[in-house]
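Have a look at the structure below, then the notes.
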Amino acid sequence: MAEDKKSPLPKRSEDFSAWYNEIVSRAELAEHSPVRGCMVIRPNGYGIWELMQQALDRMFKETGHQNAYFPLFIPLSFIAKEAKHVEGFAPELAIVTKGGGKDLEEPLVVRPTSETIIYSMYAKWVQSYRDLPILMNQWANVVRWEMRTRLFLRTMEFLWQEGHTAHETEQEAEEETLRMLGVYRTFMEQYLAMPVLTGLKTESERFAGALRTYSAEALMQDNKALQNGTSHNLGQNFAKVFGLQFQGRSGELEYAWNTSWGVSTRMVGGLIMTHSDDDGLVTPPRVAPLELVIVPIFKSDAEQRTVMEAAEAVFRELKAAGVRVKLDDRDSLSPGAKFFDWETKGVPLRMELGPKDVQNNSVVIVPRISLDSEEPAKPGRKQKLFIARAELAGRVRSLLEQLQTQLFENAMARREANSYRGVTDYGEMKTLVDRDAGFVYAGWCGSAECEATVKEETKATIRVIPFPEFQSATRPSHCIVCGTSSKHEVVWAKAY
RNA sequence: CGGGGCGUGGCUCAGCCUGGUAGAGCACCUGGUUCGGGACCAGGGGGUCGGAGGUUCGAAUCCUCUCGCCCCGACCA
388 MAEDKKSPLP
398 KRSEDFSAWY
408 NEIVSRAELA
418 EHSPVRGCMV
428 IRPNGYGIWE
438 LMQQALDRMF
448 KETGHQNAYF
458 PLFIPLSFIA
468 KEAKHVEGFA
478 PELAIVTKGG
488 GKDLEEPLVV
498 RPTSETIIYS
508 MYAKWVQSYR
518 DLPILMNQWA
528 NVVRWEMRTR
538 LFLRTMEFLW
548 QEGHTAHETE
558 QEAEEETLRM
568 LGVYRTFMEQ
578 YLAMPVLTGL
588 KTESERFAGA
598 LRTYSAEALM
608 QDNKALQNGT
618 SHNLGQNFAK
628 VFGLQFQGRS
638 GELEYAWNTS
648 WGVSTRMVGG
658 LIMTHSDDDG
668 LVTPPRVAPL
678 ELVIVPIFKS
688 DAEQRTVMEA
698 AEAVFRELKA
708 AGVRVKLDDR
718 DSLSPGAKFF
728 DWETKGVPLR
738 MELGPKDVQN
748 NSVVIVPRIS
758 LDSEEPAKPG
768 RKQKLFIARA
778 ELAGRVRSLL
788 EQLQTQLFEN
798 AMARREANSY
808 RGVTDYGEMK
818 TLVDRDAGFV
828 YAGWCGSAEC
838 EATVKEETKA
848 TIRVIPFPEF
858 QSATRPSHCI
868 VCGTSSKHEV
878 VWAKAY
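Every number in this note's numbering is 387 more than the matching position in the first sequence, counting from 1.
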């Protein structure tokens with residue numbers, strides 16, 4: 388690397404928080420709005436979100452869901468109907484009390500989530516078991532009055548999707564809850580290249596009004612956990628307060644079983660904190676608004692003509708092959724400046740195209756992170772791949788896939804290297820949590836007291852009671868806090 | 001809500017202590033030379049210093065009030 392002429396990014400290892408903020412800013416993903424706690428999502432950031440949306444939307448449709456839209460305003464009385472729900476959301480509600488210059492008869496809540504309005508409507512639509520299941524999703528914005536905010540990770544208004552379903556039986560609802568958690572996991576692994584632990588949330592971390600909450604938890608590069616998506620089995624709690632009833636197969640009236648599940652623009656923050664480095668943003672190709680950028684290089688006018696001609700041909704070829712590609716023809720920046728620019732912005736592949744390449748009928752491609760599957764870089768240099776023009780489209784496709792895979796493998800290796808299994812000594816756990824070691828697997832008796840003790844003493848919380856495939860070969864026998872017999876192996880970590 | 005910090009061209013900030021009506025770097029515009037890892041030269045445009053009030057011949061600078069933002073702690077996708 389050359390000496391930075393522009394002020395360098397804060398080092399990830401020295402000030403993670405400043406590093407994160409600078410990446411969001413320099414990659415032009417988002418910025419603060421004039422309103423405290425809200426964010427403006429800029430095209431580079433929104434482009435990532437759009438690709439996330441497209442992939443998820445497809446997956447939701449494939450699992451039988453339809454999109455709909457419910458209103459932003461919810462009568463305050465609706466929120467108040469479900470006791471736990473109000474209790475959970477009351478502190479973070481934004482409430483509209485005036486409209487058209489007059490006090491409203493009933494205050495309107497700006498939705499923090501839409502269970503109440505949606506199930507009140509489902510109640511009108513459902514008569515019989517034949518009307519079930521209802522499988523719907525909505526893409527929307529929601530507002531939760533937060534005290535402290537971070538761009539993407541926690542803002543007062545954020546974008547998300549919320550799936551809401553109604554079923555005939557508890558079992559169907561549970562299957563749906565788990566199916567959608569599985570969809571999230573697949574999406575996070577395959578698109579975000581982000582390994583996640585899935586499992587059950589403890590009672591204290593449960594969604595307000597749910598029977599059970601499941602989540603997908605990822606480990607960020609500062610070894611803090613990020614809850615990246617949740618799926619709730621709501622039981623009949625909302626059905627009962629909104630009269631969501633149907634006539635069952637045997638004739639009597641029954642309450643429907645609901646689920647809800649959501650992921651938000653928080654995932655963009657998770658993406659940044661999972662893959663990015665001291666050179667800037669790193670984006671997995673499948674959610675990269677730009678997969679490849681072509682930087683032409685030339686000196687004389689004659690060179691410019693031949694190089695630009697070749698660059699345009701390459702551009703057309705890749706575009707036709709379905710690659711999200713850009714030709715950076717700005718004449719105000721030197722090639723070197725463009726390299727830095729696109730690196731900061733996280734474009735997966737950079738193509739350098741100069742007179743020599745035109746001569747050789749080849750191109751140079753530099754991947755944003757180095758690929759184990761390719762010729763290693765010379766010491767102190769970036770990995771440079773020389774690719775024949777004839778093989779271009781195919782090689783680009785395969786490099787993008789390799790990059791996607793490499794990112795997932797790197798993230799997985801990092802998570803595993805920062806996971807501690809079989810921890811049985813509370814002192815040891817405290818030490819691990821204190822130095823932000825990552826995920827700590829330990830036994831838990833199931834009591835809220837022990838959970839609260841740890842939270843108070845270490846700031847760590849139970850992220851998840853992991854599904855069997857994530858559990859350790861040897862199950863812990865005792866609760867790490869109180870020493871009585873262990874009910875579950877749980878994963879502890881400090882969280883966002 | 002408690003603690004800390006900050007509001008000065010688009011951005012980052014200096015000037016404030018020791019009042020004399022604004023500066024730098026970056027960015028931007030024009031022209032030229034450049035171009036394989038952040039180019040250079042020359043010329044140029046742009047701010048009344050968060051807001052209100054006060055002190056003073058004179059306020060970015062001193063005083064009072066006020067608004068806003070950022071960071072750190074208790075809640076949350």
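The beta carbon of each residue, even a glycine, is placed where N, CA and C say it ideally should be. All values reported here derive from a predicted model rather than from experimental measurement.
* Taking the alpha carbon of Ala698 as the point to measure from, which residue in Ser507, Lys732, Arg737, Thr670 has its own alpha carbon closest? -> Arg737
Practice task
List the endpoints of the continuous alpha helix (DSSP H) containing Phe795.
Solution key: 779–804
For Met729 and Arg692, what's the separation of their Cα atoms in angstroms? Looking at the sequence itself, residue 729 is Trp, so the reference to Met does not match. Going by the C-alpha atoms only, they are around 23 Å apart.
**Report entry** Same chain, Cβ closer than 8 Å to Asp716, neighbours up to 5 away in sequence not counted
**Finding:** Pro683, Met695, Ala698
Which of the three DSSP states is assigned to Ser400 in this structure? Ser400 falls in the coil class under three-state DSSP.
(request) Grab me the residues of Ala724's own chain with a C-beta within less than 7 Å of its C-beta, minus the 5 sequence neighbours each way, in chain order. (result) none
query: Do Val655 and Met439 come within 9 Å of each other at the CB atom, strictly closer than that value?
result: yes
Q) In terms of residue numbering, what span does the beta strand (DSSP E) encompassing Pro430 cover? A) No beta strand (DSSP E) holds Pro430; the alpha helix (DSSP H) holding it covers 430–449.
| said: Measuring only the C-alpha atoms, how far is Met523 from His551? | reply: In this model, Met523 and His551 are separated by some 5 Å (Cα to Cα).
So, with DSSP's three-state summary, where would you put Ser412? Look at Ser412 here: in three-state DSSP terms it is helix.
* Is it right to say Lys706 is buried, meaning 16 or more other beta carbons lie within 10 angstroms of its own, or is it exposed? -> It is exposed - the Cβ of Lys706 has fewer than 16 other Cβ atoms within 10 Å.
### Message
I believe Leu606 touches Gly825 by the beta-carbon criterion, under 8 Å. Please report the beta-carbon distance rounded to the nearest angstrom.
### Response
6 Å
Next item on the list: Report, in whole angstroms, the separation of the C-beta atoms of Thr542 and Gly424, which I expect to be a contact under 8 Å.
Entry: 6 Å
>> How far does the alpha helix (DSSP H) with Tyr516 in it extend, from its first residue to its last?
In response: According to the DSSP assignment, Tyr516 belongs to no alpha helix (DSSP H), since it is labelled neither H nor E.
The region 592–600 / the region 619–637 touching (three or more Cβ pairs under 8 Å):
A contact exists between the region 592–600 and the region 619–637.
Tell me the rounded alpha-carbon separation between Asp391 and Ser647. Residue placement at Asp391 cannot be trusted, given a pLDDT of 38 that sits under 50; what the coordinates show is reported in the next sentence. If you take the alpha carbons of Asp391 and Ser647, they lie about 48 Å apart.
- Query: Which value, in whole angstroms, describes the spacing of the CA atoms of Thr585 and Val827?
  - Reply: 15 Å
Report yes if the CB atom of Arg776 is closer than 9 Å to the CB atom of Asn748, and no otherwise. yes
Query - Coarse secondary structure for Pro462, derived from DSSP in three states - result: Here Pro462 sits in strand by DSSP.
Inset, instruction - Could you work out which residue in Val529, Gln608, Val427 is closest to Glu803 when comparing CA atoms only? - result: Gln608
**Message:** Given this structure, state the Cα-to-Cα distance separating Glu502 from His554, to the nearest angstrom.
**Reply:** Going from the Cα of Glu502 to the Cα of His554 covers about 15 Å.
| task | Classify Pro754 as buried or exposed, calling it buried when 16 or more other Cβ atoms lie within 10 Å of its own Cβ. | result | buried
Q: Measure the Cβ-Cβ separation of Tyr642 and Leu658 and say whether it is below 9 Å.
A: no
| query | Can you name, in chain order, every residue of its own chain whose Cβ lies under 7 Å from the Cβ of Asp744, other than the five neighbours on each side? | reply | Val750, Val751
>> Relative to the C-alpha of Arg413, which candidate in Lys511, Ser420, Asp666 has its C-alpha closest?
In response: Asp666
Might you give, ordered along the chain, the residues of its own chain that have their beta carbon closer than 7 Å to the beta carbon of Ala949, omitting 5 neighbours on each side? The question about residue 949 has no answer here: the residues shown for the chain are numbered 388 through 883.
Note to self: If I measure Cβ to Cβ from Glu690 and keep anything under 6 Å in the same chain, skipping five residues before and after, which residues do I get?
What the structure shows: Pro742
request  = State the beta-bridge partners of Ser637 as determined by DSSP.
outcome  = According to DSSP, which records beta bridges pairwise, Ser637 is partnered with nothing at all.
Margin query: In this structure, how does DSSP classify Ala545 when only helix, strand and coil are distinguished?
Written below: One point to set straight first is that residue 545 is Phe, not Ala, in the sequence displayed. Strand, per DSSP.
Under a Cβ-count criterion, where at least 16 other Cβ atoms within 10 Å of its own Cβ denotes burial, should Leu640 be classed as buried or exposed? exposed
Closer than 8 Å to a non-hydrogen atom of the ligand SAM - does that hold for the CB of Thr811? As far as ligands go, the structure on display features none, and thus does not contain the ligand SAM.
(message) Assuming Tyr341 and Val868 are in contact, meaning their beta carbons sit under 8 Å apart, how far apart are those beta carbons, in whole angstroms?
(response) Any property of residue 341 remains undetermined from this structure, which presents the chain solely from 388 to 883.
In the DSSP assignment, the beta strand (DSSP E) including Glu493 goes from what residue to what residue? Bounds of the beta strand (DSSP E) holding Glu493 are 489–497.
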